[in-house]
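All residue numbers for the sequence shown refer to my numbering, where the first residue is 13 and numbers rise by one. Quick notes on the structure that follows.
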Amino acid sequence: MKKVRHSQEVVTGSKMVDKCCVLCRTSEDNPALFGEKITVQEHNMSVHYFCLLTSCGVYQRGEDNEGVFGFLVNDIKREIRRSARLTCCACKKKGACVGCYVKSCRKMVHFPCGRKSNFISQFTENFPSYCSDHSPSQSVCVTSDLSLPQSCSVCLDHLEPVLSYDVLKCPSCHSSWFHRDCVQRHAHSAGLFFFRCTLCNNKDEYQEEMLRMGIYIPERDASWELEANAYTELLEVYMNCDADFCLSNNGRAHSAKAGWFEVIRCRLCGSRGTHRKCSGLKVDTRDWACPECSKATDGKASLVASPQRVPRRRLLSKRRQPSAPSSISSKRPSLPAASGSPEELLRALAPPRRHPRAGLQVVVSGDQALSAALELVRRPDFDPTLHLSVRFRDEQQKFPNSPWSSDMARQYFFKLLVQQIQDSALFEGPDGCKNLALDSQALRDDLYFDAGCLLALAVVCGRSQVSFFSRALYQCLFNFPPNRPLGIAHMTRDTHLSHQVRRIANADSMDELRDAMAASRDFLDLAGCRQPIRSLQEKDALVEDLVSFTLITRMQLPLQRFREGLQTLGVFEQVQLFPSVLCSVFCEAEIQLSAQMLSELFVANFSPQEERVNSETAVVSFWRHFLFECEGGVGLLFFVKAALDLLHFSTRTERLPAAGLVPPPSISFIHPPSSTHCDKKGRAEEGVFPQSKPDKNLLLLPVTSSYGVFKSSMEQAISHHMHLLPNVM
Numbered sequence: 013m014k015k016v017r018h019s020q021e022v023v024t025g026s027k028m029v030d031k032c033c034v035l036c037r038t039s040e041d042n043p044a045l046f047g048e049k050i051t052v053q054e055h056n057m058s059v060h061y062f063c064l065l066t067s068c069g070v071y072q073r074g075e076d077n078e079g080v081f082g083f084l085v086n087d088i089k090r091e092i093r094r095s096a097r098l099t100c101c102a103c104k105k106k107g108a109c110v111g112c113y114v115k116s117c118r119k120m121v122h123f124p125c126g127r128k129s130n131f132i133s134q135f136t137e138n139f140p141s142y143c144s145d146h147s148p149s150q151s152v153c154v155t156s157d158l159s160l161p162q163s164c165s166v167c168l169d170h171l172e173p174v175l176s177y178d179v180l181k182c183p184s185c186h187s188s189w190f191h192r193d194c195v196q197r198h199a200h201s202a203g204l205f206f207f208r209c210t211l212c213n214n215k216d217e218y219q220e221e222m223l224r225m226g227i228y229i230p231e232r233d234a235s236w237e238l239e240a241n242a243y244t245e246l247l248e249v250y251m252n253c254d255a256d257f258c259l260s261n262n263g264r265a266h267s268a269k270a271g272w273f274e275v276i277r278c279r280l281c282g283s284r285g286t287h288r289k290c291s292g293l294k295v296d297t298r299d300w301a302c303p304e305c306s307k308a309t310d311g312k313a314s315l316v317a318s319p320q321r322v323p324r325r326r327l328l329s330k331r332r333q334p335s336a337p338s339s340i341s342s343k344r345p346s347l348p349a350a351s352g353s354p355e356e357l358l359r360a361l362a363p364p365r366r367h368p369r370a371g372l373q374v375v376v377s378g379d380q381a382l383s384a385a386l387e388l389v390r391r392p393d394f395d396p397t398l399h400l401s402v403r404f405r406d407e408q409q410k411f412p413n414s415p416w417s418s419d420m421a422r423q424y425f426f427k428l429l430v431q432q433i434q435d436s437a438l439f440e441g442p443d444g445c446k447n448l449a450l451d452s453q454a455l456r457d458d459l460y461f462d463a464g465c466l467l468a469l470a471v472v473c474g475r476s477q478v479s480f481f482s483r484a485l486y487q488c489l490f491n492f493p494p495n496r497p498l499g500i501a502h503m504t505r506d507t508h509l510s511h512q513v514r515r516i517a518n519a520d521s522m523d524e525l526r527d528a529m530a531a532s533r534d535f536l537d538l539a540g541c542r543q544p545i546r547s548l549q550e551k552d553a554l555v556e557d558l559v560s561f562t563l564i565t566r567m568q569l570p571l572q573r574f575r576e577g578l579q580t581l582g583v584f585e586q587v588q589l590f591p592s593v594l595c596s597v598f599c600e601a602e603i604q605l606s607a608q609m610l611s612e613l614f615v616a617n618f619s620p621q622e623e624r625v626n627s628e629t630a631v632v633s634f635w636r637h638f639l640f641e642c643e644g645g646v647g648l649l650f651f652v653k654a655a656l657d658l659l660h661f662s663t664r665t666e667r668l669p670a671a672g673l674v675p676p677p678s679i680s681f682i683h684p685p686s687s688t689h690c691d692k693k694g695r696a697e698e699g700v701f702p703q704s705k706p707d708k709n710l711l712l713l714p715v716t717s718s719y720g721v722f723k724s725s726m727e728q729a730i731s732h733h734m735h736l737l738p739n740v741m
């Protein structure tokens, strides 16, 4: 299968610019219509890129930097020899290398001749070409409406609004018609990220349709974005004194770094400036409005402040500038932009490392990570790009078997922070599947913005998994999957609103539906659903409107502020670019527990006494053997149930979060008295059963002399615990 290159340097000899393409035998050089004309000087060979992609007998067997974008020179020469025996059905000359993809069709053409003969070549998947008899056509309904446009929506020249090979139409609107060559030039200029209908602005359906109709869309940024220093004028700042009488000896264009003769600009228009001395301002004045703006605002222009209760620094996203792409670009079968892992995509947003002395410090009292983090982001000098150091007041707190370090303290802080944000009043629903909750006090305190900002810091700087968003919340925030309606299953269960919507949805007769609507009259009025329902067929539309109102409409302000907080360090924009890849960072994936996973999850804390280490090491071996035996079905009934029971016994957690448990699970040991007794059946006596401390995620294993005793004690303890909590799982 052919693939398309990312970038490669191509040597184009000045003496060979007019040389004919070795495949199509023409010297035309139009990158938009025929692809880049590539000249390999050492082999005295020129070839159109589209000719290579659409040829029937040549494939990319090399790497992108070999030959001509992966097409090996020997393979190209072999294709030249093969096509030399084939006659073009258009120009009747030899060298035809593009054939109809339908096996029963024998038509062969040169690629330029194919464009004149209404051949359609699709630049995707296997790069098939179709003759005029078998080529795809558009099936958009065309009427004789005299109001149809009579011009191309790209070049604005006259055209007849009749579908044909040379005239294409947008599948999403009824007003856009295009010349085929105009669409191809537009795609070549706009690139994959900006190519869309010029009227309705549709992108996905438009690109899919144009690919089907043989339009090549290069996978790169727009040409106007790639031009070096194209927007340098936007970086120019107006620095001129416009006072009636300038007092500066160095002229109006002089601006000192500070003091009386620093030029400050109008806070409203930015197109006027003054020296402080020239306008009689104070030496530290920063808020100034020009006379024109002051008149327009009735003299209140100085009251230009943020509408927020607490002034906030704008959190600019730190995005790496893309490297300069090749002048040739094309579409691969699979999008390489989304091929990176979530870790790589988030690592690209991390600010450059700075010296810790130039950073910020947060001090956490006990485990109050959220309150300490809120104080941090509300500080006037908060900058998300600075290095963050974390210190816990409890200096005795340590991780199991790990020395206390600043990096570990920071990661532990972010892990605590994510957990406490999940448990806050901002979210509702079961663990691992949270929706935003509407809280008036949180809106007044702007906590939704703060939570978004802190979660963005956690995933970038703390390398933490959020993993508690519901799929509905992820869709509301990032529109992924795109334009998919939400249903009752996406609403938070066991809430007053969900009960009302569910009662309406479950109505089986008109009488039940009327009773349900009467009981929810206030809710229906608030949602704007006052229209009468005349049949059960209209119930589904009503339920869809109520779900949309509950999850989206009434949550507009919290969702907006939460999105703005997630823009910190460019996280929101990155997720919009790669929503499917980064979904696993925010939404909890189902984790299939295994014996290996559990054995690695619990870290053993060995005793400092050397005489006890040997017996504790043996118990660790018993523990691992017990897990693998359960997984094999020898011990408890089946491993998934057994693993969940064991997890709940140790941590009171019903499932393992993707972000991990806080604090990390660990194992300690219970040493029996000097004399350990067992009955004749091998069951352990009281005092050697396993125990747990769920608040610390600590499992206490008994030190036994044999695996049989250990296994019996484990099964009895877990079984007894689950019988006491019959409805836990």
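Positions of the beta carbon are idealized from the N, C-alpha and C atoms, including for glycine.
Annotated three-state conformation of Pro676 is coil, per DSSP. Judged by pairs of C-beta atoms under 8 Å, the stretch 238-247 does not touch the stretch 204-219, as fewer than three such pairs exist. For Leu223, the enclosing alpha helix (DSSP H) covers residues Asp216 to Arg224.
Exclusion of the five residues before and after Cys112 leaves Lys119, Ser141, Tyr142, Cys143 and His146 as the residues of its chain whose Cβ lies within less than 7 Å of its Cβ. When C-alpha distances from Ser680 are compared across Pro706, Asp657 and Leu223, the shortest belongs to Pro706. Residues Ser165, Cys182, Cys185, Ser187 and Ser188 of the same chain have their beta carbon placed closer than 8 Å to that of Leu211, with the five preceding and five following residues left out of the count. Nearest in C-alpha terms to Val471, of all of Arg515, Leu361 and Val559, is Leu361. Ser133 has Ser141 as its beta-bridge partners, per DSSP.
Lys705: member of the beta strand (DSSP E) spanning Gln703 to Lys705, first to last residue. Residue range Ser452 to Arg456 is occupied by the alpha helix (DSSP H) that includes Gln453, with no beta strand (DSSP E) assigned at that position. The closest CA to that of Cys278, considering only Met251, Cys599 and Thr507, is found on Met251. In its chain, beyond the 5 residues on either side, Arg515, Ile516 and Ala519 have a beta carbon closer than 7 Å to the beta carbon of Ala528. Shown here, Val110 sits in a strand according to DSSP, grouped into three states. For Ile88, the enclosing alpha helix (DSSP H) starts and ends at Val85 to Ser95. The Cβ atoms of Phe614 and Lys723 do not sit closer than 9 Å to each other. For the set Ser717, Gln703 and Cys290, the Cα lying nearest the Cα of Ser731 is the one of Gln703. Pairing Arg566 with Asp462, the inter-Cα distance amounts to about 20 Å. For Trp189, no alpha helix (DSSP H) segment is defined; the enclosing uninterrupted segment is the beta strand (DSSP E) at Trp189 to His191. Between Ser267 and the set Arg483, Cys290 and Val121, the nearest pair of CA atoms involves Cys290.
The bridge partners DSSP lists for Val402 are Val374.
Met225 is a Cβ neighbour of Gln150, given a cutoff of 9 Å.
Bridge pairing for Pro714: Ile682 [DSSP].
With respect to the C-alpha of Val110, the residue from Ser67, Ser129, Ala96 and Ser133 having the closest C-alpha is Ser67.
Across the structure, Glu387 and Leu357 are spaced so that their CA atoms are roughly 29 Å apart. The stretch 388-396 makes no contact with the stretch 607-625; the number of CB pairs closer than 8 Å stays below 3. Val70 counts as buried, since no fewer than 16 other beta carbons sit within 10 angstroms of its beta carbon. Taking every protein chain shown into account, the CB of Glu612 has fewer than 16 other CB atoms within 10 angstroms, so this residue is exposed. Of all alpha-carbon atoms in Ala44, Ala308 and Gly271, the one lying nearest the alpha-carbon of Thr297 is that of Gly271. A direct Cα-Cα distance of roughly 15 Å separates Lys269 from Gly263.
His170 and Ser176 have their C-alpha atoms some 15 Å from each other. Secondary structure of Asn447 (DSSP, three-state): strand. Here Asp523 is actually not in contact with Cys541; their C-beta atoms are around 19 Å apart, not less than 8 Å.
Inclusion of Ser353 and Val593 in the CB contact set at 9 Å is warranted, their separation being smaller than that value.
When C-alpha distances from Lys446 are compared across Ile132, Glu550 and Phe598, the shortest belongs to Phe598. Cα atoms of Pro442 and Leu372: separation of roughly 34 Å, rounded to the nearest angstrom. Under DSSP, the beta-bridge partners assigned to Arg277 are Gly285.
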